[in-house]
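Those sequence lines, one after another, are chains A and B. Residues in the first sequence are numbered from 1 upward in steps of one, following this note's numbering. Residues in the second sequence are numbered from 1001 upward in steps of one, following this note's numbering. Reviewing the structure listed below.
There are 2 protein chains.
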Amino acid sequence: MKAQQIVLASRPEGLPTAAHFKQNSVELPAIQAGQFLVKNLWMSVDPYMRGRMIDRKSYIAPFVIGEALEGGAIGEVIESQHPDFPVGSKVSSMLGWRSHYISDGSDHTVLPNIPLSESHFLGVLGMPGMTAWTGLTRIAELKAGETLFVSAASGAVGSVACQLGKLMGATVVASVGSDEKAAHLNALGIDKVINYKTCDDISAALGQAAPQGIDVYFENVGGEHLTAALDNMNDHGRIAVCGMISQYNDTAPTPGPSNLANIIIKKLKIEGFIVFEHWDHYGEYAQQMGQWLATGQVQAEQTIYQGLDNAPSAFIGLFEGKNKGKMVVKLTD
Amino acid sequence: MKAQQIVLASRPEGLPTAAHFKQNSVELPAIQAGQFLVKNLWMSVDPYMRGRMIDRKSYIAPFVIGEALEGGAIGEVIESQHPDFPVGSKVSSMLGWRSHYISDGSDHTVLPNIPLSESHFLGVLGMPGMTAWTGLTRIAELKAGETLFVSAASGAVGSVACQLGKLMGATVVASVGSDEKAAHLNALGIDKVINYKTCDDISAALGQAAPQGIDVYFENVGGEHLTAALDNMNDHGRIAVCGMISQYNDTAPTPGPSNLANIIIKKLKIEGFIVFEHWDHYGEYAQQMGQWLATGQVQAEQTIYQGLDNAPSAFIGLFEGKNKGKMVVKLTD
């Protein structure tokens, strides 16, 4: 059978465009003993994938020009000669950006049944949700009564970080890029929401939103947001550095904050982390989050694009603020 | 009797000059019960004092214009009506920048006898030495076999950090501002020393000096040194932020490093600290360092200026690289 896939056509400089992606088809052979055939149902687009489009050493290997892109995906086994992955199993993998593929089961997990769409295993029950939880609990050690600031707060990670912050007993201040996103977070009970595109000065706006100061900053953005956080951190504040999306498409080095001396003055701790290094805690997270989702204490929002053809647009949309919550692509009709 | 003292004449912008200091004399009254009179023998000048010349909220109150400056000092009790501070006692205090003063004993410590000049209680056995130890052991948790990078490495803190790094089993790479200082550190057994003033590119020089990468950076300088460290850190590297002397005299905001994304890519931890918050561990430090000094495993270098008149020059000299090791002012002939 033929599988459709999206390959990297060329390495983008600046914001990726449709021209950096190409769709083609590959002939899949018949499966052999120990293999199974997967039809992908959902695929994920995430900001970190931008880093893999650059040819450089990082925590994850760069994408190869002319080869299919990779990323989180949820599929269904439609043919199988593997006892652990019978036909009908729903599986998660890192083999997104393609309609079908053959696997021997390595790096595949059979998903449990949940009363929600399986697509949430790409979001709140997957890497982005686990990232929010890891940053708040294991990196920043947020405590009840503290003030948390979350940037890119309506994104896949940020929206979970905000809601977890409230469940952990913190006052939560969020930054987003539209009034519509701000209203949505307010409706979720987030204490104060800044629209960074319409405020004159993020640092001043943050100071007004959190006159008591910030104890923990969940950093997704970098640049002016980091400067604003450093200005407003309390003594012994912690910054969990998850991403710096404002810089992923920079074509020239962007100077960092001019107020890094606050690290000394306020005795701050700034720590970067990669969620995969904390994955042995996923079971603990998934059980807890499953309960919160079941009771409605966490809302799992998604923005869904339809069809593999639209996967590049979904990805590019991440950098244009097109998503509320997790951006996913539905690969079936 | 009259005491001579140095007061803050005006708040400097940029590098302080002699004009920002003024010497005057004050009449001291007779001591009363519970008081004692101290003649200062030595006083300390330290880079952090620059921050106290600015009128801003920080971890320590700003200096007041027209009042005597403050800083570490070693004095001798020459009159006493206090049972715990008999005549002849050597005491440490924060009441430097003056020839004599009256105390009730608060924030004063009677010094033990050591086979070295008491001035070392302002350096290797005092705040700067304790800072080096705290940063390496309690903040960065340097381990044997790792590579340590120290900037401002011939200064009061840096020279101790380098030597402690070697005693802890690390490979030590240092940055200094003259070939003479580099030769001196080489003679102390420091593995590689960069002269940042003569190398074209600190990051490239650091990469050559430590092709295995940096595990711990002891940050005293900021700016290009921080950029270079971020470029060369290994995964899970730690940066103990003690100071950013390159920025203390800036008159306009200086942009920070453009490569902060390394915090995520390399999963770095950057932590600022103030030694006074760790002072309950001073006894542990002093005992260990006393042994190292006695056996010659640590060399305690000093640069000594003579006389209270020269205290401003000594202080200004810190920012001009005039000191090797601890800069102190001898207040007696």
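Ideal placement from N, C-alpha and C gives every residue a C-beta, glycine not left out.
Report the option in the options whose CA atom is closest to the CA atom of residue i.
i: residue 1033 of chain B; options: B/1065, B/1159, B/1104; result: B/1104
i: residue 39 of chain A; options: A/99, A/95, A/10; result: A/99
i: residue 74 of chain A; options: A/35, A/117, A/177; result: A/117
i: residue 21 of chain A; options: A/1, A/7, A/132; result: A/7
i: residue 1271 of chain B; options: A/151, A/78, A/140; result: A/140
i: residue 261 of chain A; options: B/1219, B/1230, B/1298; result: B/1219
i: residue 1011 of chain B; options: B/1150, B/1306, B/1051; result: B/1051
i: residue 1018 of chain B; options: B/1326, B/1324, B/1333, B/1309; result: B/1309
i: residue 1226 of chain B; options: B/1175, B/1154, B/1046; result: B/1175
i: residue 1351 of chain B; options: B/1097, B/1029, B/1256, B/1092; result: Nothing can be reported for residue 1351 of chain B: it is not among the residues displayed for chain B, which extend from 1001 to 1333.
i: residue 1149 of chain B; options: B/1155, B/1138, B/1161; result: B/1161
i: residue 1206 of chain B; options: B/1172, B/1247, B/1065; result: B/1172
i: residue 1068 of chain B; options: B/1053, B/1076, B/1240, B/1077; result: B/1053
i: residue 1274 of chain B; options: B/1113, B/1107, B/1129, B/1119; result: B/1129
i: residue 216 of chain A; options: A/204, A/242, A/201, A/195; result: A/242
i: residue 178 of chain A; options: A/167, A/153, A/201, A/168; result: A/153
i: residue 195 of chain A; options: A/182, A/186, A/187; result: A/182
i: residue 1235 of chain B; options: B/1264, B/1228, B/1258, B/1251; result: B/1264
i: residue 301 of chain A; options: A/318, A/123, A/61; result: A/123
i: residue 1165 of chain B; options: B/1016, B/1132, B/1180; result: B/1132
i: residue 27 of chain A; options: A/46, A/49, A/37, A/1; result: A/1
i: residue 119 of chain A; options: A/297, A/280, A/315, A/45; result: A/45
i: residue 334 of chain A; options: A/134, A/212, A/155; result: With chain A running from 1 to 333 in the structure shown, residue 334 of chain A is simply not present.
i: residue 213 of chain A; options: A/230, A/325, A/64; result: A/230
i: residue 151 of chain A; options: A/286, A/245, A/37; result: A/245
My output table needs one value for residue i: the three-state DSSP class, helix, strand or coil.
i: residue 297 of chain A; result: coil
i: residue 5 of chain A; result: strand
i: residue 1061 of chain B; result: coil
i: residue 367 of chain A; result: No answer is possible for residue 367 of chain A: the residues shown for chain A start at 1 and end at 333.
i: residue 401 of chain A; result: Absent from the model: residue 401 of chain A. The displayed extent of chain A is 1 to 333, so no value can be given.
i: residue 1073 of chain B; result: strand
i: residue 276 of chain A; result: helix
i: residue 56 of chain A; result: coil
i: residue 1107 of chain B; result: coil
i: residue 1181 of chain B; result: helix
i: residue 1334 of chain B; result: This structure leaves residue 1334 of chain B out entirely; chain B is present only between 1001 and 1333.
i: residue 41 of chain A; result: strand
i: residue 1323 of chain B; result: coil
i: residue 1206 of chain B; result: helix
i: residue 263 of chain A; result: helix
i: residue 46 of chain A; result: coil
i: residue 1140 of chain B; result: coil
i: residue 121 of chain A; result: helix
i: residue 230 of chain A; result: helix
i: residue 282 of chain A; result: helix
i: residue 1032 of chain B; result: coil
Given a threshold of 16 other Cβ atoms within 10 Å of its Cβ, counted over all protein chains shown, does residue i qualify as buried or as exposed?
i: residue 189 of chain A; result: exposed
i: residue 1283 of chain B; result: exposed
i: residue 1184 of chain B; result: buried
i: residue 266 of chain A; result: buried
i: residue 1197 of chain B; result: exposed
i: residue 1042 of chain B; result: buried
i: residue 1014 of chain B; result: exposed
i: residue 222 of chain A; result: buried
i: residue 1087 of chain B; result: exposed
i: residue 1083 of chain B; result: exposed
i: residue 145 of chain A; result: exposed
i: residue 56 of chain A; result: exposed
i: residue 1070 of chain B; result: buried
i: residue 85 of chain A; result: buried
i: residue 1143 of chain B; result: exposed
i: residue 112 of chain A; result: exposed
i: residue 61 of chain A; result: exposed
Original post:
Looking at chain B, which residues of the stretch 271–285 of chain A have a Cβ within less than 8 angstroms of any of its Cβ atoms?
Top reply: Correct list: 271, 272, 273, 274, 277.
**OP:** Check each residue of the stretch 1284–1306 of chain B: if its Cβ is closer than 7 angstroms to any Cβ of chain A, include it; give the result in chain order.
**Re:** Result list empty, no residue passes.
**OP:** Return the residues of the stretch 1256–1269 of chain B that lie within a Cβ-Cβ distance of less than 9 angstroms from chain A, sorted by chain order.
**Re:** If the cut-off is 9 angstroms between Cβ atoms, the stretch 1256–1269 of chain B has 1256, 1257, 1258, 1259, 1260, 1261, 1262, 1263, 1264, 1265, 1266, 1267, 1268, 1269 near chain A.
Original post:
Using Cβ-Cβ distances below 7 angstroms, what residues of the stretch 1130–1158 of chain B are close to chain A?
Top reply: If the cut-off is 7 angstroms between Cβ atoms, the stretch 1130–1158 of chain B has nothing near chain A.
Original post:
What are the residues of the stretch 1049–1080 of chain B that lie near chain A, defined by any Cβ-Cβ distance shorter than 7 angstroms?
Top reply: Within the stretch 1049–1080 of chain B, the qualifying residues are 1058, 1059.
Original post:
Taking Cβ-Cβ distances below 7 angstroms as the criterion, which residues of the stretch 1011–1045 of chain B are in contact with chain A?
Top reply: Taking a C-beta cut-off of 7 angstroms against chain A, none of the residues of the stretch 1011–1045 of chain B qualify.
Original post:
Got a sec: which bits of the stretch 1242–1254 of chain B sit with their beta carbon under 9 angstroms from any beta carbon on chain A, in order along the chain?
Top reply: Residues of the stretch 1242–1254 of chain B with a C-beta atom less than 9 angstroms from some C-beta of chain A are 1242, 1243, 1244, 1247, 1248, 1250, 1252, 1253, 1254, listed in chain order.
Subject >> Residues, ordered as in the chain, of the stretch 220–237 of chain A that lie near chain B by beta-carbon distance below 8 angstroms >> reply: Of all residues in the stretch 220–237 of chain A, only 222, 226, 235 come within less than 8 angstroms of chain B when Cβ atoms are compared, listed by chain position.
Original post:
Which parts of the stretch 1144–1183 of chain B are runs of the beta strand (DSSP E), unbroken and 3 residues or longer, counting only runs that do not cross its ends?
Top reply: Segments of the beta strand (DSSP E) lying fully in the stretch 1144–1183 of chain B: 1147–1150, 1171–1176.
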